[in-house]
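Number of protein chains: 2
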Amino acid sequence: MAKIRSEHAGGFYHFYPKLATVVTVQAGEKRNALAVAWNCPLSRQPPIYGVSISPQRFSHGLILEAKEFVVNFLPIEARKLIAAVGRTSGREFDKFEQFGIEVEQPLKLASPILKEAYAAYECELLEHRTWGDHDWFVGRIVAVHQEEGAFTSEGLIAFEQITPALYLGGDFYLEMEKKAIHRIGREEALQSQC
Amino acid sequence: MAKIRSEHAGGFYHFYPKLATVVTVQAGEKRNALAVAWNCPLSRQPPIYGVSISPQRFSHGLILEAKEFVVNFLPIEARKLIAAVGRTSGREFDKFEQFGIEVEQPLKLASPILKEAYAAYECELLEHRTWGDHDWFVGRIVAVHQEEGAFTSEGLIAFEQITPALYLGGDFYLEMEKKAIHRIGREEALQSQC
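Protein sequences appear in the order of chains S and P. Heads up: take any position in the first sequence, counting from 1, add 6, and you land on our numbering. Heads up: take any position in the second sequence, counting from 1, add 6, and you land on our numbering.
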């Protein structure tokens with residue numbers, strides 16, 4: 007199809023939808039929660055995860071201090087929580103108190119797990135690295151939390167139970183529905199004529 | 007809700023669905039296409055993008071040689087193409103010929119743009135870094151291709167035109183439907199009680 011070509015990234019929303027996670031961190035008495043859509047697995051064995059956070063955010067300094075963070079995966083029903091922690095700063099107030107956010111105990115580290123999360127990764131900070139206007143925090147996953155029934159026996163997200171929160175950019179969140187799940191095995195893939 | 011806690015990542019599919027992109031690369035006479043679900047923006051200004059690729063893949067060496075790559079964003083209709091380039095190796099055959107994959111000319115670099123892509127980023131390699139069993143390739147975006155009508159005037163993906171290909175892990179691809187788009191402004195977010 008006809009494509010528009012440009013040397014400029016424009017709105018830079020082409021890579022959405024992306025899971026709208028919330029990163030939590032506890033550093034001594036200080037704690038915070040921040041919406042982070044720019045998140046990605048980096049290794050399966052050992053399990054390693056990356057999150058991108060602006061140096062301007064309060065959580066940035068807390069993660070460097072705590073040397074740990076938690077990635078919380080949330081359902082679309084939690085979209086106001088995600089927007090609330092995304093649009094405010096932990097320098098103004100304690101977001102957990104302000105927005106009535108309930109937490110659960112971590113297994114290995116100190117950063118809180120969000121009660122509304124259907125899954126969460128506890129990560130020990132391995133490295134952070136500046137790329138342009140964001141810093142990339144890389145963490146080794148040392149514990150995993152997952153809601154009972156949120157994933158199938160094959161490990162796939164159970165859409166009958168969970169509708170993941172997907173971010174579209176700006177103030178926009180996508181509530182999706184499953185139309186179909188397609189299984190494409192190697193044999194079928196090999197016969198492909200595109 | 008009740009959560010299961012573990013020190014092990016298990017199936018390590020908790021972070022899906024993720025956009026199922028195809029990374030293309032041209033290094034001299036050699037070229038390849040590879041399915042890459044582990045992809046993420048890293049900076050808005052300048053625009054920087056990361057992709058995670060196993061050292062075992064043919065594309066890994068080609069990207070190091072070419073010092074560039076292209077990230078192609080594809081609709082769910084291209085799921086067999088994605089599975090085909092994901093389940094085969096460019097060492098066996100030229101995937102473009104084998105699967106009849108049509109390409110378009112890049113604007114700034116040498117790596118091909120997939121005709122079926124609704125958007126694509128041309129990236130100059132800035133750095134690669136080993137994390138566990140994958141390498142993280144970071145590229146500066148020097149050109150953007152986007153299909154006419156694929157994005158709204160606000161830059162959001164136009165679901166009336168495009169259903170993005172979402173990967174779920176294993177051999178599974180999600181065909182989604184838009185149920186609703188929620189706009190949550192700062193004011194509404196601030197009134198949140200979760």
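For glycine and all other residues, C-beta sits at the position ideal for the given N, C-alpha and C.
Quiz item: Considering only the beta carbon of each residue, do P:Y173 and P:K24 sit closer than 8 Å?
Solution: Here residue 173 of chain P is taken as the residue at index 167 of the second sequence, counted from 1. Here residue 24 of chain P is taken as the residue at index 18 of the second sequence, counted from 1. Closer than 8 Å, so yes.
Self-check item: CB contact flag (S:A171, S:A26, <8 Å)
Solution: On the first sequence, position 165 is the one that residue 171 of chain S refers to. On the first sequence, position 20 is the one that residue 26 of chain S refers to. Yes, the Cβ-Cβ distance between S:A171 and S:A26 is below 8 Å.
Self-check item: C-beta neighbour in chain S for P:Q62, strict 8 Å
Solution: Numbered from its first residue, the second sequence carries residue 62 of chain P at position 56. No - not a single Cβ of chain S is within 8 Å of the one on P:Q62.
Practice problem: Can you check DSSP and say which residues form a bridge with P:H140? | Solution: Taking the first residue of the second sequence as 1, we reach residue 140 of chain P at position 134. The partner list for P:H140 (beta bridge, DSSP) reads P:W137.
Quiz item: Quick one, which of P:F64, P:I88, P:F79 and P:A125 has its alpha-carbon nearest P:F99's?
Solution: The residue given as residue 99 of chain P occupies position 93 in the second sequence. If we check each option's Cα against that of P:F99, P:F64 comes out closest.
Practice problem: Would you identify the three-state DSSP class for S:S198, choosing helix, strand or coil? | Solution: Indexing the first sequence from 1 puts residue 198 of chain S at position 192. Note: S:S198 maps to coil in three-state DSSP.
Practice problem: Inspect the beta-carbon positions of S:P47 and S:I168 and report whether they are closer than 8 Å. | Solution: By 1-based counting over the first sequence, the position of residue 47 of chain S is 41. By 1-based counting over the first sequence, the position of residue 168 of chain S is 162. It is not a contact, given that the beta carbons lie outside the stated cut-off.
Quiz prompt | Chain-ordered chain P contacts of S:E110 [CB-CB under 8 Å] | solution = Walking along the first sequence from the start, residue 110 of chain S turns up at place 104. Ordered by position in chain P, the residues that pass the 8 Å Cβ test against S:E110 are K9.
Practice problem: Please go through the segment 24-101 of chain P and give each complete alpha helix (DSSP H) segment of 4 or more residues, from N-terminal end onward. | Solution: 64-72 and 85-92
Practice problem: Check the Cβ of S:L162 against every Cβ in chain B and list those closer than 7 Å, keeping chain order. | Solution: Absent from the structure: chain B. Protein chains present are S and P.
Quiz item: In terms of residue numbering, what span does the beta strand (DSSP E) encompassing P:S12 cover?
Solution: Numbered from 1 along the second sequence, position 6 holds the residue referred to as residue 12 of chain P. Note, P:S12: beta strand (DSSP E), K9 to S12.
Quiz item: Is the shortest distance between the beta-carbon of S:N38 and the beta-carbons of chain P less than 8 Å?
Solution: Counting from 1 along the first sequence, the entry for residue 38 of chain S is found at position 32. By this cut-off, S:N38 is not an interface position.
Quiz item: By Cβ distance, which residues of its chain are closer than 6 Å to S:V148, with the 5 residues on each side in sequence left out?
Solution: For this step, residue 148 of chain S is matched to residue 142 along the first sequence. So the qualifying residues of the chain are K114, E128 and E130.
Practice problem: Assuming S:E3 contacts S:S117 (C-beta within less than 8 Å), just tell me the rounded distance between them. | Solution: No answer is possible for residue 3 of chain S: the residues shown for chain S start at 7 and end at 200.
Exercise. Spatial neighbours of P:Q32 within its chain, please: CB distance less than 7 Å, with the 5 preceding and 5 following residues excluded, ordered by chain position.
Key: For the purposes of this step, residue 32 of chain P is taken as the residue at position 26 of the second sequence. Counting only Cβ-Cβ distances below 7 Å, and skipping sequence neighbours, we find A72, A116, S117 and P118.
Quiz item: Per DSSP, what kind of secondary structure is P:Q104 in: helix, strand or coil?
Solution: Counted from its first residue, the second sequence places residue 104 of chain P at position 98. Here P:Q104 sits in helix by DSSP.
Exercise. Would you grab the beta carbon distance between P:A126 and P:F79 for me? Rounded to a whole angstrom, and I think it's under 8 Å.
Key: Along the second sequence, one-based indexing puts residue 126 of chain P at 120. Along the second sequence, one-based indexing puts residue 79 of chain P at 73. Indeed they touch by this definition, with Cβ atoms about 7 Å apart.
Quiz prompt | Helix, strand or coil at S:E160 [DSSP, three-state] | solution = Residue numbering aside, residue 160 of chain S sits at position 154 when the first sequence is read from its first letter. Three-state DSSP puts S:E160 in coil, outside helix and strand.
Quiz prompt | CB contact flag (S:H188, P:Y22, <8 Å) | solution = Translated into positions along the first sequence, residue 188 of chain S becomes position 182. Translated into positions along the second sequence, residue 22 of chain P becomes position 16. Contact flag unset, no.
Quiz item: Which chain S residues are close to P:K184, counting only those with a beta carbon under 7 Å from its beta carbon?
Solution: The residue labelled residue 184 of chain P in the question sits at position 178 within the second sequence. Going along chain S in sequence order, the residues near P:K184 (Cβ under 7 Å) are L180 and M182.
Practice problem: Go through its chain and collect everything with a Cβ distance to S:L68's Cβ below 7 Å, but skip five positions before and after it. | Solution: Position 62 of the first sequence, counted from the first residue, corresponds to residue 68 of chain S. Hits under 7 Å: V31, A33, K36 and N38.
Exercise. Please name the residue in S:Q199, S:G175, S:D139 and S:G161 whose C-alpha comes closest to that of P:P52.
Key: Within the second sequence, the letter at position 46 stands for residue 52 of chain P. The shortest Cα separation from P:P52 among S:Q199, S:G175, S:D139 and S:G161 belongs to S:D139.
Quiz item: Which residues in chain S sit within 9 Å of P:V28, going by Cβ to Cβ distance?
Solution: Position 22 of the second sequence, counting from 1, holds the residue named residue 28 of chain P. Within chain S, no residue comes near P:V28; the closest Cβ sits about 11 Å away, beyond 9 Å.
Self-check item: C-beta neighbour in chain S for P:V150, strict 8 Å
Solution: Stepping through the second sequence from its first residue, residue 150 of chain P is reached at position 144. Judged by the 8 Å Cβ criterion, P:V150 is in contact with chain S.
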